[in-house]
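Peer 1:
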Amino acid sequence: MTVLHSVDFFPSGNASVAIEPRLPQADFPEHHHDFHEIVIVEHGTGIHVFNGQPYTITGGTVCFVRDHDRHLYEHTDNLCLTNVLYRSPDRFQFLAGLNQLLPQELDGQYPSHWRVNHSVLQQVRQLVAQMEQQEGENDLPSTASREIFVYAITALAA
């Protein structure tokens with residue numbers, strides 16, 4: 001199984017957040033990574049096999065992937081998504097308490113796939129666009145802003 005490493009996606013060793021657009025996302029083999037991600041499906045369709053369980057994903061699907069989850073994409077059809085990567089819920093420099101907004105595993109069940117309506121998806125897209133504008137900026141205000149955007153995206157999807 002492929003392991004994706006944060007060093008290949010984050011702009012620096014101390015960056016807490018990175019954006020990875022997949023426009024479109026092609027079929028991709030099973031993998032896991034040493035970071036967490038919020039997958040935001042903008043449009044198109046596909047099958048997201050998450051820890052062995054297939055889910056049909058379409059525009060408005062939001063998926064929360066932990067660092068130990070395994071997943072793959074198959075049968076993609078113009079599937080466009082944005083991955084908001086973060087190292088860990090407790091590795092933010094300015095943000096505390098995010099874990100309370102994230103899905104929680106209960107009795108072996110992890111509610112990883114959520115749906116948002118069109119209005120919320122538009123708000124999330126705007127936040128992602130603002131984060132992309134700051135990509136590569138490593139000063140403290142930019143870092144704080146990106147972390148606030150992750151919090152806002154999570155709060156909107158909840």
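Under UniProt numbering, the first residue of the sequence shown is numbered 1, with each subsequent residue one higher.
By construction, the Cβ of each residue, glycine as well, lies at the ideal position given by its N, Cα and C atoms.
All figures in this text were calculated on a predicted structure; none of them were measured in a lab.
Confirm, please, whether the CB-CB distance from Phe28 to Leu112 is below 8 Å.
Peer 2: The displayed chain sequence assigns Ser, not Leu, to residue 112. Not closer than 8 Å, so no.
Peer 1: Here's a check: name, in chain order, each residue in its chain whose Cβ is nearer than 6 Å to the Cβ of Ile57, leaving out the five neighbours to either side.
Peer 2: Contacts found: Val41, Gly46, His48.
Peer 1: In angstroms, rounded to a whole number, what distance separates the CA positions of Asn99 and Val7?
Peer 2: 23 Å
Peer 1: So, Val116 versus Val62, is the Cβ gap smaller than 8 Å?
Peer 2: Yes. Within cutoff.
Peer 1: Can you tell which of Ala155, Gln53, Leu127, Trp114 has its C-alpha closest to the C-alpha of Asp69?
Peer 2: Gln53
Peer 1: Going by other Cβ atoms of all chains shown within 10 Å of its Cβ, with 16 needed for buried, is Ala15 buried or exposed?
Peer 2: buried
Peer 1: Buried or exposed for Gln25, going by 16 or more other Cβ atoms inside 10 Å?
Peer 2: buried
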